[in-house]
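Asker: Submitted below is the structure of interest, expressed as structure tokens.
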Amino acid sequence: MALELRVGIGEVRVERGDVILSAYGVGSCVVLVLYEPQTRTGGLAHILLPHGADGSFKHPRGAIEELLKKFAAMGITKEKIVAKIVGGSTMFGELLQSSIGRRNVIETREELKRHSIPLVAEDVFGNWGRTIFFNVNTGEVVVKSYRHGEKII
Amino acid sequence: MIDAKNLTVKQIDALTEVANIGGGHAATSLSQLLGKKVMIRVPKLYTGQLEEVILKIADPNDIVASVLLYFLGDLTGRTLLIYPYEDAQELTRLLMPEGQESTIELQESLLKEVSNILSCSYMNALGELLGLLILPSVPGMIIDMVGAVLSSVIVEFGNEKDFIFCIETQFDFGDFNKPLSAYFLLLPDNSSLEIMLKKLNLI
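Going down the list, the protein sequences come from chains A and B.
For the first sequence, the numbering used here assigns the number 153 to the last residue and increments by one with no breaks.
For the second sequence, the numbering used here assigns the number 1203 to the last residue and increments by one with no breaks.
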């Protein structure tokens, strides 16, 4: 059994080995997964807002910088890293006019582009919640939802 | 500008009392609707970083039925009613007219309507008490993970701040050996929190 580590909102984690990084009940938040296949090292950030203060990991810019810093501390440069993103829903679609989920996704994509990290898979938008299990050993990301079943990206 | 981080004990007590009065009115409406006794718990006031508050309210993975309304007028903000999924199903069963075939649409409509009534009696009581005009929106409903619901409602609506203030009132009803529960969250905008405290002569 792999060890499961939960990553809460605004948290960032990088792990290697038999570990599952998880994030529960993701709505308008975006979960960013970075993976380096050769050494099987994976990181996960649970992003809340499109923008925010320096030193916080709740927004894409801060989260990616922190993830890359942690990768670097393990001797991994960003050239070998690929990304997957999940989330960015608009819950209560018809009632909430605001678009934070959408903007979270767009901002995260922009930041990845800025760092030249290829985005290899995504499961984003919609109006439902998701729970994410990222298997660091295989790079597989399992996305579970109550209303739209389960998928692997 | 009032800072929800630095509320005084007196202000917290007064807001809790206001929530108690709102909750009391809502409980009376629910009781009349169900023809059953409804109990309310002492309201809980939550302030803090969004991620901490969510964990205090519920396990993010729990499946709930949730009904959102926003309100406009002298006060602005939103109310969110959260029912654990089984409790929501049981509640609609209690409300279903006899001989009526139960469909998903009907269940959702019943739950929306009962939530609408609960929210409106709560907000009306607040309006009368504080001498303010409060107008509710139409209700929106989803059944999903509570973490996704809460985080989205809180961030999507506010001014993108992740420090939040909300008051929870828990209703218990039905068979008291195994009561059904509903959780009512009042999420006033920061400016409305200030108006409420002004009306209570606490700032």
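Positions of the beta carbon are idealized from the N, C-alpha and C atoms, including for glycine.
Round the Cβ separation of Val14 (chain A) and Leu67 (chain A) to the nearest angstrom and send it over; I've been treating them as touching at under 8 Å.
Answerer: The pair is a contact, with the Cβ atoms about 6 Å apart (cut-off 8 Å).
Asker: If I measure Cβ to Cβ from Leu1185 (chain B) and keep anything under 6 Å in the same chain, skipping five residues before and after, which residues do I get?
Answerer: Around Leu1185 (chain B): Leu1080, Cys1166 and Glu1168.
Asker: For a contact defined as C-beta to C-beta under 7 Å, what are the partners of Arg147 (chain A) on chain B?
Answerer: Those are Asp1144, listed as they occur along chain B.
Asker: Since Leu112 (chain A) and Ala83 (chain A) should fall inside the 8 Å C-beta cutoff, what is the C-beta to C-beta distance between them, to a whole number of angstroms?
Answerer: Sure, about 5 Å apart at Cβ, within 8 Å.
Asker: Taking 6 Å as the limit between beta carbons, can you name the residues of its chain near Gly101 (chain A), skipping five residues before and five after?
Answerer: So the list reads Ser28, Gly88, Ser89 and Thr90, once near-sequence residues are dropped.
Asker: Under 8 Å, with one C-beta from each stretch per pair, do the stretch 33 to 48 of chain A and the stretch 130 to 150 of chain A reach the 3-pair mark?
Answerer: A contact exists between the stretch 33 to 48 of chain A and the stretch 130 to 150 of chain A.
Asker: Which chain A residues sit within Cβ distance under 7 Å of Ala1004 (chain B)?
Answerer: Chain A residues near Ala1004 (chain B): none, gap ~18 Å exceeds 7 Å.
Asker: Could you check whether the Cβ of Val26 (chain A) sits closer than 8 Å to any Cβ belonging to chain B?
Answerer: True, the Cβ-Cβ gap to chain B drops below 8 Å.
Asker: Is the beta carbon of Phe1163 (chain B) sitting closer than 8 Å to the one on Gln1011 (chain B)?
Answerer: Taking 8 Å as the Cβ cut-off, Phe1163 (chain B) and Gln1011 (chain B) do not qualify as a contacting pair.
Asker: When the distance is taken between beta carbons, is Val86 (chain A) closer than 8 Å to Arg147 (chain A)?
Answerer: No, the pair does not count as a contact, with Cβ atoms beyond the cut-off.
Asker: Can you tell me whether Asn1177 (chain B) is buried or exposed? The criterion is at least 16 other CB atoms within 10 Å of its CB, across all chains shown.
Answerer: The residue in question, Asn1177 (chain B), is exposed, as its Cβ has fewer than 16 Cβ neighbours within 10 Å.
Asker: Give the residues from the stretch 1041 to 1059 of chain B that approach chain A closer than 7 Å (Cβ to any Cβ), ordered along the chain.
Answerer: Within the stretch 1041 to 1059 of chain B, the qualifying residues are Leu1050 and Glu1051.
Asker: List the DSSP bridge partners of Cys1120 (chain B).
Answerer: None; Cys1120 (chain B) has no bridge partner.
Asker: Can you tell me the Cβ-Cβ gap for Arg1078 (chain B) and Leu1069 (chain B), rounded? I've got them flagged as a contact below 8 Å.
Answerer: Indeed, because the Cβ distance is near 6 Å, the residues count as touching under 8 Å.
Asker: Looking at Val12 (chain A) and Ser22 (chain A), is the spacing between their C-beta atoms short of 8 Å?
Answerer: Not a contact, by the Cβ cut-off of 8 Å.
Asker: Any contact between the stretch 1053 to 1060 of chain B and the stretch 1123 to 1138 of chain B? By contact I mean 3 or more CB pairs, one from each, below 8 Å.
Answerer: Segments in contact, no.
Asker: Who are the near neighbours of Leu1130 (chain B) in its chain, counting only those whose CB is closer than 6 Å to its CB and skipping five residues on each side?
Answerer: If we look at Leu1130 (chain B) and ignore the five residues flanking it on each side, its Cβ neighbours are Lys1199.
Asker: On the DSSP letters alone, give me the boundaries of the alpha helix (DSSP H) that Val136 (chain A) sits inside.
Answerer: It is not in any alpha helix (DSSP H) - Val136 (chain A) carries neither H nor E in the DSSP assignment.
Asker: Of all Cβ atoms in chain A, is any one closer than 8 Å to the Cβ of Ile1063 (chain B)?
Answerer: Chain A, which has a Cβ nearer than 8 Å to the Cβ of Ile1063 (chain B), makes this yes.
Asker: How about Val1114 (chain B) and Leu1187 (chain B): do their beta carbons lie closer than 8 Å?
Answerer: No, Cβ-Cβ distance for Val1114 (chain B) and Leu1187 (chain B) is not below 8 Å.
Asker: Since Glu36 (chain A) is in the alpha helix (DSSP H), which residue starts that stretch and which ends it?
Answerer: Glu36 (chain A) -> not in any alpha helix (DSSP H); beta strand (DSSP E) instead, spanning Val30 to Glu36.
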